[in-house]
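Asker:
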Amino acid sequence: MHFDAIGRVPGDPILGLIEAYGADPRPGKFDLGVGVYKDAQGLTPILESVKQAEQRLVDRQATKTYIGGHGDAQFGRLINELVLGADSPLIAENRAGATQTPGGTGALRLSADFIAQCLPGRGVWLSNPTWPIHETIFATAGVKVSQYPYVGADNRLDIEAMLATLDQAPKGDVVVLHACCHNPTGFDLSHDQWRQVLEVVRKRDLLPLIDFAYQGFGEGLEQDAWAVRLFAQALPEVLVSSSCSKNFGLYCDRTGALIICAGDAGKLLDVRSQLANLARNLWSTPPDHGAAVVATILGDAQLKRLWADEVQAMRLRIAQLRSGLLDALEPHGLRERFAHIGVQRGMFSYTGLTPEQVRQLRERHSVYMVGTGRANVAGIDATRLDRLAEAIADVCR
Ligand code: LMR
Numbered sequence: 001m002h003f004d005a006i007g008r009v010p011g012d013p014i015l016g017l018i019e020a021y022g023a024d025p026r027p028g029k030f031d032l033g034v035g036v037y038k039d040a041q042g043l044t045p046i047l048e049s050v051k052q053a054e055q056r057l058v059d060r061q062a063t064k065t066y067i068g069g070h071g072d073a074q075f076g077r078l079i080n081e082l083v084l085g086a087d088s089p090l091i092a093e094n095r096a097g098a099t100q101t102p103g104g105t106g107a108l109r110l111s112a113d114f115i116a117q118c119l120p121g122r123g124v125w126l127s128n129p130t131w132p133i134h135e136t137i138f139a140t141a142g143v144k145v146s147q148y149p150y151v152g153a154d155n156r157l158d159i160e161a162m163l164a165t166l167d168q169a170p171k172g173d174v175v176v177l178h179a180c181c182h183n184p185t186g187f188d189l190s191h192d193q194w195r196q197v198l199e200v201v202r203k204r205d206l207l208p209l210i211d212f213a214y215q216g217f218g219e220g221l222e223q224d225a226w227a228v229r230l231f232a233q234a235l236p237e238v239l240v241s242s243s244c245s246k247n248f249g250l251y252c253d254r255t256g257a258l259i260i261c262a263g264d265a266g267k268l269l270d271v272r273s274q275l276a277n278l279a280r281n282l283w284s285t286p287p288d289h290g291a292a293v294v295a296t297i298l299g300d301a302q303l304k305r306l307w308a309d310e311v312q313a314m315r316l317r318i319a320q321l322r323s324g325l326l327d328a329l330e331p332h333g334l335r336e337r338f339a340h341i342g343v344q345r346g347m348f349s350y351t352g353l354t355p356e357q358v359r360q361l362r363e364r365h366s367v368y369m370v371g372t373g374r375a376n377v378a379g380i381d382a383t384r385l386d387r388l389a390e391a392i393a394d395v396c397r
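Read left to right, the sequence shown gives residues 1 to 397 (full-length UniProt numbering).
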């Protein structure tokens, strides 16, 4: 038979948790697995700004014809402004362009093909740890993957080791950096540390690819873009992968962009022609709906304000969950041990729990998180923090 030699591969370490959680019949489960935001009711809501934009689209949309290889031009213009800043000199000089992609993952996949095809021989450096799909995306495209240290065995950011390793990277290699809300650890660089990274990137002539999947979930929409804008203005060439999955809650509408910052307007057009060509072979043209929603929101002052307020509410709720969990751990004598939860930013916490403790949490207490000890703080039910703290205390005994 044709398929005889085909074996089975293990399921995805993150998406597989959706099924495992759903299949658990026990009441009082905790879903701290896949990175989706949940509200106080435990739902992943459709934002009100999105609902209103969708209504406008239903009323006004006149066609479902293909959008071009770079996607919706209005979306591209507005996402460029959201990421780089409306007053960015790169935009004024026509040195930055966004290519719409199916989610942030699509932007990463497109960048991987771009590196493989247009920058042959360049390796890619990923933080250790990182989102596990980073590694498979670049490896699948045939790009050599290496790691720079990010968090040490003591579950602390190790900036010295990161800088020292990048300082040895072959000139011209690509370095993937997480703009904010580092996935999976939640540890972000300070402004000073970003400046140090910039110096090494400049010295080694590295090409930064900045993964920006959580804009608005760290310190705020503008604040979270600080490092992206620093790099984009200090260096002639930068790639940015931007995702609308979390901050617009458009997970299943697969909405994102690969932003290219180039040395001049002509070179931008060269690179964009390559991206359109590569995208044609990956997905032809991107899906329209999510980008149309984003363009409707960002292009309307009232909807944009509503959306920014909704993003802020999600961010503040996550911050409250972090401090609430620490308060709940206090009676168990665990506040200090888990103090990093209060320092980390964004949806995720690298808890420091071992794979064995994660397994026990799941088996004894129906608490689901990624095997590496990554918990999605945004999935915590605020009314059951004590129950979660008891479960954690149980496996830490
Ligand atoms: C996560 O890390 O949980 C999210 O980015 C969802 C995904 O695609 O893995």
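We put the beta carbon where it would ideally sit given N, CA and C, even for glycine. Nothing here was measured: the structure is a model prediction, and the numbers come from that model.
Could you spell out where the alpha helix (DSSP H) holding glutamine 147 opens and where it closes?
Answerer: No alpha helix (DSSP H) holds glutamine 147; the beta strand (DSSP E) holding it covers 145-149.
Asker: On the three-state DSSP scale, how would you describe serine 366?
Answerer: coil
Asker: In its own chain, which residues sit with a C-beta less than 7 Å from the C-beta of proline 10, not counting the 5 before and 5 after it?
Answerer: Closer than 7 Å at the Cβ level, and outside the excluded window around proline 10, lies no residue.
Asker: Hey, which unbroken runs of the alpha helix (DSSP H) at 4 residues or more fall wholly within the region 176-262?
Answerer: 191-203 and 226-234
Asker: Quick check on the DSSP output: the alpha helix (DSSP H) that includes alanine 292 runs from which residue to which?
Answerer: 289-298
Asker: Can you determine whether any heavy atom of the ligand LMR sits closer than 7 Å to the C-beta of isoleucine 133, and answer yes or no?
Answerer: yes
Asker: Have a look at Val201, Gln168 and Pro184 and flag the residue whose alpha-carbon is nearest the alpha-carbon of proline 13.
Answerer: It is Pro184.
Asker: By how many angstroms is the C-alpha of arginine 77 removed from the C-alpha of aspartate 300?
Answerer: 14 Å
Asker: Taking its Cβ as the centre, do 16 or more other Cβ atoms sit within 10 Å of serine 137, making it buried, or is it exposed?
Answerer: A quick correction: the sequence has isoleucine, not serine, at residue 137. Answer is buried; the Cβ neighbour count reaches 16.
Asker: Taking all protein chains shown into account, decide if residue 400 is buried (16 or more other Cβ within 10 angstroms of its Cβ) or exposed.
Answerer: Past the boundaries of the shown model lies residue 400; the chain is included only from 1 to 397, so the question cannot be answered.
Asker: Sort Leu126, Val151, Ala153 and Gly152 by Cα distance to valine 143 and report the nearest one.
Answerer: Leu126
Asker: Looking at the unbroken alpha helix (DSSP H) that takes in tyrosine 66, where does it start and where does it end?
Answerer: Taken as a continuous stretch (DSSP letters only), tyrosine 66 belongs to no alpha helix (DSSP H), as it is neither H nor E.
Asker: For the putative contact between leucine 282 and arginine 109, defined by C-beta atoms under 8 Å, what is the C-beta separation to the nearest angstrom?
Answerer: 7 Å
Asker: Report the three-state DSSP secondary structure of arginine 322 (helix, strand or coil).
Answerer: helix
Asker: Please state the DSSP three-state secondary structure of aspartate 87.
Answerer: coil
Asker: Where does valine 174 fall in DSSP's three states?
Answerer: Of the three classes helix, strand and coil, the one that applies to valine 174 here is strand, per DSSP.
Asker: According to DSSP, aspartate 31 sits in a beta bridge with which residue or residues?
Answerer: Tyr368
Asker: Which same chain residues, not among the five before or five after glycine 263, have their C-beta less than 8 Å away from its C-beta?
Answerer: Excluding sequence neighbours, glycine 263 sits near Arg95, Pro236 and Glu237.
Asker: Please classify serine 349 as buried or exposed, where buried requires at least 16 neighbouring CB atoms within 10 angstroms.
Answerer: buried
Asker: Give the DSSP-derived three-state secondary structure of leucine 119 in the structure shown.
Answerer: coil
Asker: Return yes when at least one heavy atom of the ligand LMR lies under 7 Å from the C-beta of glycine 379, else no.
Answerer: no
Asker: Anyone know if the C-beta pair for cysteine 261 and glycine 290 falls short of 8 Å?
Answerer: In this structure, the beta-carbon distance from cysteine 261 to glycine 290 does not fall below 8 Å.
Asker: Quick one, what's near the ligand LMR if you take every residue whose CB is closer than 5 Å to any heavy atom, in chain order?
Answerer: Ile14, Val34 and Gly35
Asker: Give me the residue from Gln52, Ala53 and Leu32 with the minimum Cα distance to threonine 44.
Answerer: Among Gln52, Ala53 and Leu32, the Cα nearest to that of threonine 44 is on Leu32.
Asker: Name the residue from Leu15, Arg8 and Gly7 whose alpha carbon lies nearest to the alpha carbon of asparagine 376.
Answerer: Leu15
Asker: Could you give the residue range of the beta strand (DSSP E) that holds alanine 98?
Answerer: 96-101
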